[in-house]
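Asker:
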C-alpha cells in the first residue's frame, strides 16, 4: 500500500528527502478550503470497531430479454462481490428483485420483490437494526423515467418518485449513506436524494438520457477484486469507483464508435448539483474520497479484537491523511508537511503493530 510504504520510509529519510517523497506521492492541486463539515474532520464515514455496514440492492423489472439478463447478472455479481471481497453476508445484504424470483441459480439470494410494500417493509426492518454511525449503501438497478419532481424508479406496481424515496430514507439520518443509482434517466430521481453526509451517484446527468446505461457494469467491475483501487491502499473509495466506471463508460462508447448516451455525476455536499468530474479540488468528491464500503470486521480474516482495533485506527489515520490533503490550501507549507509527517509516522507504527498481531 502506497501510504504505508511511504510511512515506513519516513522513519529513515532525511527531512528534505521526506518532503520531496511525500510531494511526489501525495501531490494534489492547491485547492480551496473544504466544506466546513469536512474541514472540521467530521464523523462522516468514520469506521469504528462497533459500527456495521449494510447493503440494499433494488432491481426493478426489465424491459426485454437483454435487459433482464443484464440486470440479473449485475445484481448477482454485486451480491457475490460484496460477500466475497467486502465482508458482507446474507444478514447484511438485502436483495429486492423484480417480482421476487430469479430463474436458475441465485434465487436463494432474493429477499422479496422490488415493489413499494417490500421496500417499505425492508427499510423498516433495517431501521430496527442500525445504530448511530452505521453505514448503508443502496444500489438501484433498472429503468428510470420522468424529470425533476416526477422522476421515478420503475418498480413492480406503482413507481416510486425521488421525493417519495427520499422520504423513506429520512429515517436513516443518523447513518452514513451511499446511493448508487444506475438506472436510465436517473438524474432527477438522484437529485431528490441529495443530503448532507450522503454520497449520491447518478449514471446520467439529465432526464433526456433515457437509453439503458452501462454504468452499472463498470461500477461493479470497479469493486470486483478492487479493480478501482487507484491509490493501491487495498480499498476502493466511492470516488475511485465512480471515476473508474465513468472512464470505462467513455472508453466503451469510443470503442463502439458512438456518441456517449450517458454521463454519470456525483454529489456529496448536499447541494443536488452533480459534478461530472469530481475531485478533491472541486465541491464534490471530498466526502466520496473517504467513503469506503468494505467492512472493518471480515469473518474471512479471523482477526483478534486487538487487531480489529488496530485496523480501525489505521483506517482512521488514513482518512485523516485524505482530509488533510484536501485542506492543503488552509496551511502554511511547513505546517502542512509537519502534520502530514506526523500522520504517516503514526500510520507506519500502527501498521507495524497490526502486522505483528496478524502474524501471531
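Residue numbers (my numbering): 2 to 361. Glycine included, C-beta positions come from ideal geometry on N, C-alpha and C. Owing to the predicted nature of the structure, the values given are computational and were not obtained by experimental measurement.
1) Assuming contact is defined by CB atoms lying nearer than 7 angstroms, are residue 239 and residue 179 in contact in what I supplied?
2) Are the segment 183-192 and the segment 211-219 in contact at 8 angstroms, needing three or more beta carbon pairs?
3) Provide the residue span of the alpha helix (DSSP H) that contains residue 221, from first to last.
4) Report the residue from 144, 263, 51, 253 whose alpha carbon sits nearest the alpha carbon of residue 133.
5) For residue 323, which of helix, strand or coil comes out of DSSP?
6) Under 8 angstroms, with one C-beta from each stretch per pair, do the segment 187-197 and the segment 257-275 reach the 3-pair mark?
7) Can you check whether the CB of residue 130 is closer than 7 angstroms to the CB of residue 114?
8) Out of curiosity, what's the CA-to-CA distance linking residue 65 and residue 321?
9) Reducing DSSP to helix, strand and coil, say where residue 142 ends up.
10) Any heavy atom of the ligand PLP within a distance shorter than 6 angstroms of the CB on residue 86?
11) Compute the beta-carbon to beta-carbon distance between residue 79 and residue 221, rounded to the nearest angstrom, for a pair I have assumed lies under 8 angstroms.
12) Between 344, 225, 333, which lies nearest to residue 324 when the distance is taken from Cα to Cα?
13) Any contact of the segment 279-297 with the segment 230-248, i.e. 3+ C-beta pairs under 8 angstroms?
14) Assign residue 71 to one of three DSSP states: helix, strand, or coil.
15) Check whether the segment 53-63 touches the segment 139-154, taking contact to mean three or more Cβ pairs, one atom from each stretch, closer than 8 angstroms.
16) Below 6 angstroms CB to CB, which residues in the same chain sit around residue 365 once its five sequence neighbours on both sides are set aside?
17) Assess contact between the segment 227-235 and the segment 157-175, defined as three or more Cβ pairs (one per stretch) separated by less than 8 angstroms. Is contact present?
18) Which ranges would you report for the alpha helix (DSSP H) in the segment 149-205 if only whole runs of at least 4 residues count?
Answerer: Checking against the coordinates, here is how it stands:
1) yes
2) yes
3) 216-224
4) 51
5) helix
6) yes
7) no
8) 47 angstroms
9) strand
10) Ligands displayed in this structure: none; no statement on the ligand PLP is therefore possible.
11) 5 angstroms
12) 344
13) yes
14) helix
15) yes
16) Residue 365 is absent from the model: the chain starts at 2 and stops at 361.
17) no
18) 163-170, 188-192
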